[in-house]
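Notes follow once the structure below has been shown.
Here is the structure:
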């Protein structure tokens, strides 16, 4: 299920769609029964359900994405994320900090400032942990991928090898 609301501090999330199957994208055209105001920013999240014994059970929920409307006069979205290295090797118990940058869709506009600019996730917490500031700590030997997410969901992956 797809839920959305305007990023105005007043609007509550509303269910905007039920999507089934392998869907990689969805365009929101209506919010609260009205055509989406593309001059505003919207926040969106998704909940995945699975049918178990005749009942739908929640299996996952995405992070909230914050998306600037295409006609927003002051804010834009991330077009891409760049990092210095696509892969890193760390020694056990050592740390490093990722320093990503955003390539904006419109260089004359600002990114949303009311949420964290980046979010980080490790695919293997037994190998590397990553904090909210992008600090990676090697905790076990092996490989993992760190995903760096921008507000609108654009992501960059960095492969980490711990020796």
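Numbering (my numbering), first residue to last: 3 to 165. Ideal Cβ placement from N, Cα and C applies to all residues, glycine included.
Considering only C-alpha positions, which residue in the set 156, 9 and 124 is nearest to residue 105?
-> On the chain shown, position 103 is the one that residue 105 refers to. Out of 156, 9 and 124, 156 has the C-alpha closest to the C-alpha of residue 105.
Taking the continuous beta strand (DSSP E) assigned at residue 7, which residues delimit it?
-> Residue mapping note: residue 7 aligns to position 5 of the chain shown, counting from 1. Note, residue 7: beta strand (DSSP E), 4 to 8.
Considering only the beta carbon of each residue, do residue 41 and residue 87 sit closer than 9 Å?
-> For the purposes of this step, residue 41 is identified with residue 39 of the chain shown, where counting begins at 1. For the purposes of this step, residue 87 is identified with residue 85 of the chain shown, where counting begins at 1. Not a contact, by the Cβ cut-off of 9 Å.
In three-state terms, what does DSSP make of residue 159?
-> Locating residue 159 in the chain shown gives position 157, where the first residue counts as 1. Strand at residue 159.
Check whether the region 76 to 92 touches the region 48 to 60, taking contact to mean three or more Cβ pairs, one atom from each stretch, closer than 8 Å.
-> Judged by Cβ distances under 8 Å, the region 76 to 92 makes no contact with the region 48 to 60, as fewer than three pairs qualify.
What do you reckon, are the CB atoms on residue 100 and residue 136 nearer than 9 Å?
-> The sequence position of residue 100 within the chain shown is 98, counting from 1. The sequence position of residue 136 within the chain shown is 134, counting from 1. Contact flag set, yes.
From the DSSP output, in three-state form, read off residue 104 for me.
-> Within the chain shown, the letter at position 102 stands for residue 104. In the structure shown, residue 104 sits in a strand (DSSP, three-state: E or B).
Within the same chain, show all residues whose beta-carbon is closer than 7 Å to that of residue 111, passing over the 5 residues directly before and after it, in chain order.
-> On the chain shown, residue 111 is found 109 positions in, with the first residue counted as 1. Within the same chain, residue 111 has close Cβ partners 76, 77 and 78.
Helix, strand or coil at residue 81 [DSSP, three-state] | Working through the chain shown from its first residue, we reach residue 81 at position 79. Look at residue 81 here: in three-state DSSP terms it is strand.
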